[in-house]
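In the numbering used here, each residue's number is its place in the sequence shown (first place is 1) plus 12.
All residues carry an ideal CB built from backbone N, CA and C; glycine is no exception.
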Amino acid sequence: LFAFESLGVSLPRGFDVPVEVWRLLGEGTAQGRFAALRGPAITPFVGRRRELALLLDRWRQATEGRGQVVLLAGQGGIGKSRLVLALRERLAADRGTAIALYCSPHFADTALYPVRGLLRRAAHLSRADPPERQLERLEALLAQGTAQAADAASLLGELLAIPGQGRHRHEDLTPQQRKERTLAVLLEQ
């Protein structure tokens, strides 16, 4: 879930034995808790053929123009994330883009937190990059879906807390107008 750097072994005050000390570098790059905790070692998919068949049927219906919503609910550890991974593996050959959004109770008060993560991953944004480079990458991503990429990048750059450095600022908009334009840009994408 997080990226760390080892600072070596130390004997901190109050400890009887040496311990390895780590420095937090920031959030990890894994897309979701499942990937972060499991890494590349995925267990075999066992015993969920009926559920997988149901999900594949719903996917088929959705591709035929009949909208579908599926809710996977259950206690932690019963294999919901593994089932979704199996579905994504089966659909990998289909044309389209898989979008995964992950929520966290730690960010319940952060507007559009899952969308922010999706945008950062899709545009390959790094907080280590200078703001101008982040805006360029965001604009390049948005140019694939809109002719107004600079304006869209400026709005979404504000959402992502990227300093605008004077590019297409929206000070003339009320907070409500800014919110509506931001949501319109997201929907367009």
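- In the DSSP assignment, residue 15 falls within the beta strand (DSSP E) that extends over 14-22.
- A straight line joining the alpha-carbon of residue 131 with that of residue 38 spans about 17 Å.
- DSSP lists 22 as the bridge partner or partners of residue 31.
- Annotation for residue 93: the continuous alpha helix (DSSP H) segment containing it runs 92-102.
- Here residue 197 is buried. Its C-beta has 16 or more other C-beta atoms within 10 Å.
- The continuous alpha helix (DSSP H) containing residue 146 extends over residues 143-154.
- By DSSP's assignment, residue 137 forms no beta bridge with any residue.
- Within a 10 Å sphere around the beta-carbon of residue 98 sit 16 or more other beta-carbons, which makes this residue buried.
- Residue 30 and residue 20 have their C-alpha atoms roughly 10 Å apart.
- Taking the Cα positions, residue 142 is about 23 Å away from residue 160.
- The Cβ atoms of residue 123 and residue 147 do not sit closer than 8 Å to each other.
- Looking at the backbone, the Cα of residue 188 and that of residue 168 are separated by about 15 Å.
- Per DSSP, residue 187 is one residue of the alpha helix (DSSP H) stretching across 187-200.
- For residue 66, the enclosing alpha helix (DSSP H) begins and ends at 61-75.
- Looking at the DSSP output, residue 39 shares a beta bridge with 14.
- Distance between residue 94 and residue 62, taken at the CA atoms: about 14 Å.
- In the structure shown, the three-state DSSP call for residue 132 is helix.
- A buried status is given to residue 174, since no fewer than 16 other beta-carbon atoms sit within 10 Å of its beta-carbon.
- Looking from the CA of residue 67, the closest CA among 58, 80 and 126 belongs to 80.
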